[in-house]
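Novice: Residue numbers (the UniProt record's numbering): 1 to 121.
Pasting in a structure now, in structure tokens, and then I'll have a few things to ask.
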């Protein structure tokens, strides 16, 4: 499994993989994928499963960059992005700590509601 992990890190040098039990977050300068150890084990032993997960990993960096750019265009800064890939290879992404460029902290629901309100006017 260690050999496959090293291969994965070389294949995706712009991604930091965390296989520990605690979650790590990325930011505008760093993409972090919290990869389940069970998922990593399956990837190391099942080339078809690995192919599926690796295909999804190819979109991690551009996807996070698009999300951060959209937030910036909406006058917001996302302070943390947590991506988790579970044992079955399913990914989930959570954003935390949004700040308006004016400095007031907002959550994504508030930001979306304000944006929709402006669009109606």
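Even for Gly, the Cβ is constructed at its ideal location relative to N, Cα and C.
1. Hey, residue 85 and residue 15 are a contact pair by Cβ (cut 8 Å); roughly how many whole angstroms apart?
2. With DSSP as the reference, label residue 44 as helix, strand or coil.
3. By alpha-carbon positions, which one of 55, 94, 101 ends up nearest to residue 73?
4. From the DSSP output, in three-state form, read off residue 57 for me.
5. Considering only their Cβ atoms, is the gap separating residue 81 from residue 98 smaller than 8 Å?
6. Whose CA, out of 87, 96, 28, lies closest to the CA of residue 43?
Specialist: Once the coordinates are examined:
1. If you number the chain shown from 1, residue 85 lands on position 85. If you number the chain shown from 1, residue 15 lands on position 15. Contact between residue 85 and residue 15 is ruled out by a C-beta separation of about 11 Å, above the 8 Å threshold.
2. For the purposes of this step, residue 44 is taken as the residue at position 44 of the chain shown. Here residue 44 sits in helix by DSSP.
3. One-based indexing of the chain shown puts residue 73 at position 73. Comparing Cα-Cα distances from residue 73 to each of 55, 94, 101, the minimum goes to 101.
4. In the chain shown, the residue the question calls residue 57 occupies position 57. Look at residue 57 here: in three-state DSSP terms it is helix.
5. Numbered from its first residue, the chain shown carries residue 98 at position 98. Numbered from its first residue, the chain shown carries residue 81 at position 81. Contact: no.
6. Position 43 of the chain shown, counted from the first residue, corresponds to residue 43. Residue 43 has its Cα closest to that of 87, out of 87, 96, 28.
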